[in-house]
Amino acid sequence: MGSYFKSPPFFITIGILAFVGIIYFNFKDHYKIDYDNPSEVIIKNTWKLPRELEEVSGIVYLNDKQLACVQDEMGLIYLYNIVIGKVEQTIEFGPQDDYEGIAFNGNDLYTVTSAGKIFEIKSYLSDSININTYQTKLSPKHDIEGFTYNPAKNQLWLAAKQNGHKDEKYKGVYAFDLTSKRFIEEPIFKLKFDNPIFKELKDVGSKKIFRTSEIAIHPQTKDIYMLDAKIPKLLILNRNWEAEKLIVLDPDQHPQPEGITFSPDGKIFLSNEGEWKPATIHRVEIKNKKATKKK
Numbered sequence: 003m004g005s006y007f008k009s010p011p012f013f014i015t016i017g018i019l020a021f022v023g024i025i026y027f028n029f030k031d032h033y034k035i036d037y038d039n040p041s042e043v044i045i046k047n048t049w050k051l052p053r054e055l056e057e058v059s060g061i062v063y064l065n066d067k068q069l070a071c072v073q074d075e076m077g078l079i080y081l082y083n084i085v086i087g088k089v090e091q092t093i094e095f096g097p098q099d100d101y102e103g104i105a106f107n108g109n110d111l112y113t114v115t116s117a118g119k120i121f122e123i124k125s126y127l128s129d130s131i132n133i134n135t136y137q138t139k140l141s142p143k144h145d146i147e148g149f150t151y152n153p154a155k156n157q158l159w160l161a162a163k164q165n166g167h168k169d170e171k172y173k174g175v176y177a178f179d180l181t182s183k184r185f186i187e188e189p190i191f192k193l194k195f196d197n198p199i200f201k202e203l204k205d206v207g208s209k210k211i212f213r214t215s216e217i218a219i220h221p222q223t224k225d226i227y228m229l230d231a232k233i234p235k236l237l238i239l240n241r242n243w244e245a246e247k248l249i250v251l252d253p254d255q256h257p258q259p260e261g262i263t264f265s266p267d268g269k270i271f272l273s274n275e276g277e278w279k280p281a282t283i284h285r286v287e288i289k290n291k292k293a294t295k296k297k
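Residue numbers (this note's numbering): 3 to 297.
Structure representation (structure tokens):
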């Protein structure tokens, strides 16, 4: 037995454990605001998604029974029934691509690629759906992942995961006007790397500080919710784009949050891509949505 503790496998094991420990404590220290109040995000219900939605990249609320989902690779919309926990229908709308978001204006569905190409799916429940596409002036450099509909202005919002140009010190949120079918080139919001809301994080001032994976508007408060899937975070801003709250999500519960949507009465649904675990949709409640004083 004593010889084992002098053997190469023993030292390899110790090295691996030390490496994992360093990563854990570094992560915990850099993002400790998550664990100061772990009860802020409460999971009320969970749906484990089927294998075809393992890479679910966006969800949107349709009605009290259905969420529409899109995944990274296939030009398909999945109508998921949250009452029975099954995909009821799939709708083909486009070729294979990198689809990153889905939006709903009450009548029509919209999807977007990471390069900013928008698909409009009209009469999506009929036998003869009508599909239109719109090119924006965004590119793969922006890596569009956030996508939502703003009913107040009849616009689609597109949130960039990356800064489009190296000299930009922000991640942009852009708008596509559905009335004029025109893309607005100037960002409607610039999420700056040095925003004071990020002051407790290690990478403040860096483009790594927040890599947007989704954006959505709360139907009652009009607050704006933005997700980061890389190091799971939820940023809440008010209707004037002022940052109110940053929550670093528990990666065990939200390993890769790529989608967020709301019911009309404000219920929150949050989806996670699957890797070692099945992809999920959680219905969550968030306490203390405004900034809280840290102890």
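No residue lacks a Cβ here, since even glycine has one placed at the ideal position from N, Cα and C.
Exposed unless 16 or more other CB atoms sit within 10 angstroms - verdict on residue i
i	result
Gln157	buried
Lys173	buried
Asp31	Here the model assigns Asp31 a pLDDT of 40, short of 50, so the residue's position is not dependable, and the following value carries that caveat. That one is exposed.
Ile86	exposed
Asp36	Because Asp36 sits at a pLDDT of 43, beneath the cut-off of 50, its placement in the model cannot be relied upon, and the following sentence gives the value as read from the coordinates. By the neighbour-count rule (16 or more Cβ atoms within 10 Å), Asp36 is buried.
Ile226	buried
Pro259	buried
Ser125	exposed
Asn132	exposed
Lys297	With a pLDDT of only 34 at Lys297, under the threshold of 50, the placement of this residue in the model should not be trusted, and no figure is reported.
His256	buried
Cβ pair residue i, residue j closer than 8 Å
i	j	result
Ile288	Ile270	yes
Glu244	Leu229	no
Leu160	Tyr176	yes
Lys50	Pro280	yes
Phe178	Ala218	no
Lys209	Phe191	no
Ala1	Leu140	Any question about residue 1 goes unanswered here, given that the chain covers just 3 to 297.
Nearest-angstrom Cα separation, counted from residue j out to residue i
i	j	result
Thr138	Ser273	26 Å
Glu246	Thr113	28 Å
Ile233	Asp254	12 Å
Gly108	Phe95	18 Å
Ser128	Asp110	11 Å
Leu146	Gly276	Here residue 146 turns out to be Ile, not Leu, going by the sequence shown. Approximately 20 Å, taken between the alpha carbons.
Pro97	Pro189	28 Å
Phe121	Lys155	19 Å
Glu90	His284	19 Å
Asp267	Asn65	11 Å
Asp169	Asn152	29 Å
Ile123	Lys143	26 Å
Leu78	Thr92	6 Å
Glu187	Asn290	35 Å
Ser182	Trp278	44 Å
Phe200	Phe185	30 Å
Pro198	Ser130	50 Å
His167	Leu239	24 Å
Lys67	Asn83	5 Å
Lys171	Asn165	7 Å
Thr282	Glu202	29 Å
Host beta strand (DSSP E) of residue i (start-end)
i	result
Leu160	157 to 162
Asn47	43 to 50
Pro259	259 to 264
Asn132	132 to 136
Met228	226 to 230
Lys124	120 to 124
Same chain only: Cβ atoms within 8 Å of residue i, ignoring 5 sequence neighbours per side
i	result
Gln73	Glu54, Leu55, Glu56, Glu57, Val58, Ser59, Tyr80, Tyr101
Lys119	Asp99, Thr135, Tyr136, Gln137, Thr138
Leu251	Asp36, Val43, Pro234, Lys235, Leu236, Pro259
His220	Ile226, Tyr227, Phe264, Gly268
Val206	Phe195, Asp196, Phe200
C-beta neighbour in chain D for residue i, strict 8 Å
i	result
Ala177	This model lacks chain D altogether; it includes just one protein chain.
Residues of its chain near residue i, where Cβ-Cβ distance is below 6 Å and the 5 sequence neighbours each way are ignored
i	result
Gly103	Gly60, Val114, Phe149
Lys163	Asp145, Glu147, Arg213, Thr214
Lys224	Arg241
Gly261	Gly60, Ile61, Glu216, Ser273
Asn39	Annotation note: pLDDT 49 at Asn39 (below 50); position unreliable, coordinate value reported separately. Around Asn39: no qualifying Cβ.
Leu180	Asn156
Own chain partners of residue i with C-beta closer than 7 Å, once the 5 adjacent residues on each side are dropped
i	result
Tyr63	Leu69, Thr263, Phe264, Ser265, Phe271
Val286	Val43, Ile44, Ile45, Lys46, Ile270, Leu272
Any non-hydrogen atom of the ligand ADP closer than 7 Å to residue i Cβ
i	result
Ser130	Here there are no bound small molecules, and the ligand ADP is not part of this structure.
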